[in-house]
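I have placed the structure first, in the form of structure tokens, so that the comments after it can refer back to it.
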Amino acid sequence: MADQTALKKLAGYRAAEFVEDGMVVGIGSGSTIAFVVEALGKRVAEEGLKIKGVPTSDKTRRTAAKLGIPMHNVDDVDHIDITIDGADQIDENFAAIKGGGAALLWEKIVAVNSRRNIWVVDDTKIAPHLTHYLPVEVIPYGAEQLFKRLKQKGYEPTWRLDQNGNPVRTDSANFLFDLHFDKMPDPFKLGRELTSMVGVVEHGLFLNIVDQVVVGRDDETIAVFD
Ligand code: 5RP
Numbered sequence: 022m023a024d025q026t027a028l029k030k031l032a033g034y035r036a037a038e039f040v041e042d043g044m045v046v047g048i049g050s051g052s053t054i055a056f057v058v059e060a061l062g063k064r065v066a067e068e069g070l071k072i073k074g075v076p077t078s079d080k081t082r083r084t085a086a087k088l089g090i091p092m093h094n095v096d097d098v099d100h101i102d103i104t105i106d107g108a109d110q111i112d113e114n115f116a117a118i119k120g121g122g123a124a125l126l127w128e129k130i131v132a133v134n135s136r137r138n139i140w141v142v143d144d145t146k147i148a149p150h151l152t153h154y155l156p157v158e159v160i161p162y163g164a165e166q167l168f169k170r171l172k173q174k175g176y177e178p179t180w181r182l183d184q185n186g187n188p189v190r191t192d193s194a195n196f197l198f199d200l201h202f203d204k205m206p207d208p209f210k211l212g213r214e215l216t217s218m219v220g221v222v223e224h225g226l227f228l229n230i231v232d233q234v235v236v237g238r239d240d241e242t243i244a245v246f247d
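Numbering of the sequence shown is given in the working numbering, commencing with residue 22 and proceeding in unit increments.
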């Protein structure tokens, strides 16, 4: 049985093959996507692949640029052909939770502006139902009040903290709460409810977004079509 990192690499390299010359490519965030970036960097250096990258986080922008991938702001490109991103968990209806790496807002902006979305995961991320904690990005002003309202609803929020115990700031300088459920409510209903709450910027439920999922599983890569 291959370890999780090996499966991430296998799937990441496979997903990078979907990228073609001349494409504008949304590039996700996280440890799985680090392998996609590595593979794309090699293709740029070795095959002369010409692409424009659109980052979903400052970290991705820096890493990809270092590997020779020209990076552009999402508002500076005409369109995005394909976005390759990771996920924290994907259910049997291809609904996903994202944001474990604190990049959910930019990830969702890039995803909804992309003609095609591919997610890359190792097979530990596939589950019949969503059970992962749900990240929610919130405006700092009034965050304590919003936290109380989420708690009253029984959503068991926790502050996302860094290693020094300070609130994590996203690339848009917002805070993150992680919601914990005994049983995840209907994701569409929950998503609508969270979006309607003043102070919530975005939540980590990615619904009706993905076109294709590449799963690294036991030394072979399995592409699942939606
Ligand atoms: C970041 C994300 C990542 O895609 C998700 O957390 C998966 O990360 P990893 O590949 O490191 O497991 O949503 O906000």
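In this text, a Cβ means the ideal position worked out from N, Cα and C, and glycines have one as well.
Since we're looking at a predicted model, the values are computed, not measured.
For the pair of segments examined, the segment 138-145 was found not to touch the segment 189-201: the number of CB pairs separated by less than 8 Å stays below three. For Q25, same chain residues with a beta-carbon under 7 Å away, outside a window of 5 residues either side, are D143 and T145 in chain order.
Going by C-alpha positions, P149 is about 36 Å away from I72.
The beta carbons of L197 and P156 sit about 6 Å from each other, so the pair counts as a contact at 8 Å.
Shown here, R238 sits in a strand according to DSSP, grouped into three states. The beta carbon of A60 sits closer than 7 Å to those of G33, Y34 and A37, all from its chain and outside the five residues before and after it, given in chain order. E128 has its Cβ nearer than 8 Å to a heavy atom of the ligand 5RP. A60 has its CB no nearer than 8 Å to any heavy atom of the ligand 5RP.
For D192, the distance from the CB to the nearest heavy atom of the ligand 5RP is not below 8 Å. In this structure, I130 sits away from A85, with a CB-CB distance that is not shorter than 9 Å. In the same chain as L70, and ignoring 5 residues on each side of it, the C-beta atoms closer than 8 Å to its own belong to V40, D42, L61 and R64, in chain order. Sequence-distant Cβ neighbours of H153 in its own chain, meaning closer than 7 Å and more than five residues away, are D109, Q110 and I118.
Straight through space, the alpha carbons of E223 and P91 are spaced by roughly 28 Å.
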